[in-house]
Amino acid sequence: MVEHRPLAKLVAHLILCLGVAVVAFPVYLTFIASTHQPADIVNGTMGLLPGSMGLTHYIDALFVGTKQIKSTPVLQMMANSLVMALVIAFGKIAISIISAYAVVFFRFPLRMFFFWMIFVTLMLPVEVRIYPTYKVVADLGMLNSYAGLTIPLIASATATLLFRQFFLTIPDELVEAAKIDGAGPMKFFRDVVLPLSRTNIAALFVILFIYGWNQYLWPLLVTTDASMDTIVYGIRRMIVTSDANTDWHIVMATVMLAMLPPVLVVIAMQKLFVKGLVETEK
Amino acid sequence: MARVALKGVRKDFGQTKVIHGVDLEVADGELVVIVGPSGCGKSTLLRMVAGLETVSAGEIAIDGRVVNQLEPKDRDIAMVFQNYALYPHMSVYDNMAYGLRNRGMAKDEIDRRVREAAKILELAALLERKPRQLSGGQRQRVAMGRAIVREPKAFLFDEPLSNLDAKLRVQMRVEIKKLQRQLGVTSLYVTHDQVEAMTLADRLVVMHAGIAEQIGTPLDLYARPASTFVGGFIGSPAMNFLPGHAENGTVEIGHGVSFALPGQAARGDVTVGIRPEHMTLNHGAGMATLPLKVDLLEPLGAETLVYGKLPDGLEVTARVHGETQVAIGSTLPFSVEPRHVHLFDKASGKRLP
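In order, the protein sequences belong to chains A and B.
All the letters of the first sequence, read from the start, carry residue numbers 1 to 282 under our numbering.
All the letters of the second sequence, read from the start, carry residue numbers 1001 to 1353 under our numbering.
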């Protein structure tokens, strides 16, 4: 199609630039603030250009944390978050790909019943079942542990559904050809289903990693020990509302650091991510 | 290589009976084509031989061994599917080698077999490609290769050419036939295309509503169809059917047209079958005339198809030489040699001797 409408193009680009600015400006401001003296941030003389402190606040944040109110070093919090996000992402993928495989490729009694059971849990996110879930985790003695942070979040109907939809597009003949080729269910899963699901797994990994990284409510409940703080919740702990002063420069640096891993994951997996969501070729 | 024998094979899906008892013996190295309209159960029959469907009753034996309870992989068969069913993420080489690896065959033996099959099928230059980088014909050949490397007791083909365009289909048809001769592997081949069936088959099974209507060589079926269904299905354009009445060695089809059929003992209401290519404008002694009013012509070059009506409004097709001058609206006096007149029982549709 030939399109030659310079004015329309210009307007479209202006709108897009505006959108980018709205999203990017606060991030930029955060970065600028993290390079200024704490006093400049608080009394508003900071300006829009990088300050004199360079990246020293990042070093402080990573290895020490805030000082006014003693916090966990950010490196420790990031490690906690990383463990949580990775365990949740891999756990969800592992569990849901197996259950989707069972629901699609096997005929067993009550198959549809189990499928609907999984489906119905979509209506029960953590927030809805938070009290019973907390009670179970507490009674099992999993408070303040990685297990308590991750296991209750691992079951996933969304990922199961996504894999189910994908598996349904695998032609029956492929399953039959594999049977004739002497591939049992496990072999078929490993040699055919897993490689074909590669892009779907990648797309899900990106979504689930960010989901795990951004968890706030659940860590708030199950961890009381500061050494178990995840970074998203840890930022909240750094901001003081009572008498003492907040170390805003450290908070700003922490916020920047908190954004990094999800951004890196998206950048690294972008190609596969897009492919996984749009791919139709079988 | 082996014989495949089906004895009283039946298939029910719950209350629905799909196959009502098929008996078939495929000799060693023979290519038997199962042909029929969609829904006649031909694919189900093949899938039962492959072990992809259970057998409701009866017995399937490959090389003398009853395989009813065996899993597909233990039956020593190879199957070629309509949509090829290649593994999309594997190279051509791996697609062919996969089944052998699963059997724990030695690496160099796998390599030897794959390269040999690739040579036969002219795939040698494509071994590292993925299926999506191949054309339809090449994918088809890879599917064949996957079957060949297994060196199975029997090949099963499930409409393997239906996804190809017309020209390629004719070409692959020839290749399949050559290959099957060369390898001498017992084969069962399912198709809905009667031309494909006629050209490929050593013997033909015409299926209709879950029953094997007739089994025989292609020319047998053409010359002596056992029922109106087989008569109408084999041959193109289809056989003409006219209602008639038989008595004392003659058959009347109304309007004073009657055939003398010496030695024909049938009496009563019959269906008369005449193939379009046996409608002739050359009159011989004792041949009755069918006055055909021409409605439509299809000139195909070598021949012309003439569509017209008899005086009582019955539609009849005739096939004449391409150079014959025919005008639409004219009435042509066609006639038929008595040996080309087929008689079927009107009620049952079965052939009368």
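Just so it is clear, CB atoms sit at the ideal spot from N, CA and C, and this is done for glycine as well.
Which ranges would you report for the beta strand (DSSP E) in the stretch 1019–1050 of chain B if only whole runs of at least 3 residues count? 1031–1035
Residues within the stretch 1084–1095 of chain B neighbouring chain A, beta-carbon criterion of under 7 Å: A1085, Y1087, P1088, H1089
When the Cα of G148/A is compared with those of T30/A, T223/A, M256/A, which residue comes out closest? T223/A
Should N1102/B be flagged as near chain A, meaning a C-beta pair shorter than 9 Å? yes
Short of 8 Å Cβ to Cβ, which residues in the stretch 1069–1081 of chain B face chain A? E1071, P1072, K1073, I1077, A1078, M1079, F1081
Boundaries (first-last residue) of the alpha helix (DSSP H) holding I1077/B: It is not in any alpha helix (DSSP H) - I1077/B instead sits in the beta strand (DSSP E) that spans 1077–1080.
Is S1227/B helix, strand or coil by DSSP? strand
First and last residue of the beta strand (DSSP E) that includes Y58/A? Counting along the chain, Y58/A falls outside any beta strand (DSSP E), though it belongs to the alpha helix (DSSP H) covering 56–63.
Listed by chain order, chain A residues near A1050/B by CB distance under 7 Å: I180
DSSP state of S96/A, grouped into three classes? helix
Excluding the five sequence neighbours on either side, which residues of its own chain have a C-beta within less than 7 Å of the C-beta of T30/A, listed in chain order? M252, V255, M256
Using a Cβ-Cβ cutoff of less than 6 Å, which residues in the same chain neighbour F1157/B once the five nearest sequence positions on both sides are dropped? V1080, Y1189
What's the C-alpha gap between P1088/B and G1137/B? 16 Å
Can you grab the Cα-Cα spacing for the pair M186/A / T1186/B, in whole Å? 31 Å
Is there a Cβ of chain D sitting closer than 9 Å to that of K187/A, yes or no? Given the protein chain composition of this structure (A and B), no chain D is represented.
What is the DSSP secondary structure of K67/A, counted as helix, strand or coil? coil
Cut-off 7 Å between Cβ atoms - residues of its own chain near T1331/B, not counting five sequence neighbours on either side: P1291, L1292, K1293
Any beta carbon of chain A sitting closer than 9 Å to that of Y1189/B? no
Evaluate contact between the stretch 1–19 of chain A and the stretch 214–229 of chain A, counting only Cβ atoms and requiring at least three cross-stretch pairs below 8 Å. no
Beta strand (DSSP E) runs wholly inside the stretch 1238–1310 of chain B, at least 3 long, in chain order: 1240–1247, 1250–1252, 1258–1260, 1268–1274, 1289–1299, 1303–1309
Taking all protein chains shown into account, do 16 or more other C-beta atoms lie within 10 angstroms of the C-beta of P1152/B, making it buried, or fewer, making it exposed? buried
Alpha carbon to alpha carbon, what distance is there between A1027/B and V1066/B? 16 Å
So the candidates are G1099/B, R1267/B, T1250/B; which of them puts its Cα closest to the Cα of F188/A? G1099/B
Less than 9 Å separating the beta-carbons of F108/A and V175/A? no
Against chain B, with Cβ distances strictly below 9 Å, would P261/A count as a contact? no
Please return the same chain residues whose Cβ sits closer than 7 Å to the Cβ of L204/A, not counting the five positions on each side in sequence. I93, A159, L162
Would you tell me roughly how many angstroms separate the C-alpha atoms of T241/A and A89/A, rounded to the nearest one? 34 Å
Beta-carbon neighbours of Y1307/B, restricted to chain A and to distances below 9 Å: The premise fails here: Y1307/B is roughly 40 Å from chain A at the closest Cβ pair, so nothing lies under 9 Å.
Mapping the DSSP letters down to three states, classify Y1189/B as helix, strand or coil. strand
If you run the structure through DSSP and keep just helix, strand and coil, what is Q215/A? coil
Three-state secondary structure assigned by DSSP to T199/A: helix
Please state whether DSSP places R1113/B in a helix, a strand or coil. helix
If you run the structure through DSSP and keep just helix, strand and coil, what is F1334/B? strand
Look at the alpha carbon of A1124/B and the alpha carbon of D1220/B, and state the distance between them as a whole number of angstroms. 40 Å
If you measure from the beta carbon of Y1222/B to each beta carbon in chain A, is any gap under 9 Å? no
Check the DSSP bridge columns for Q1214/B and list the partner residues they point to. V1206/B
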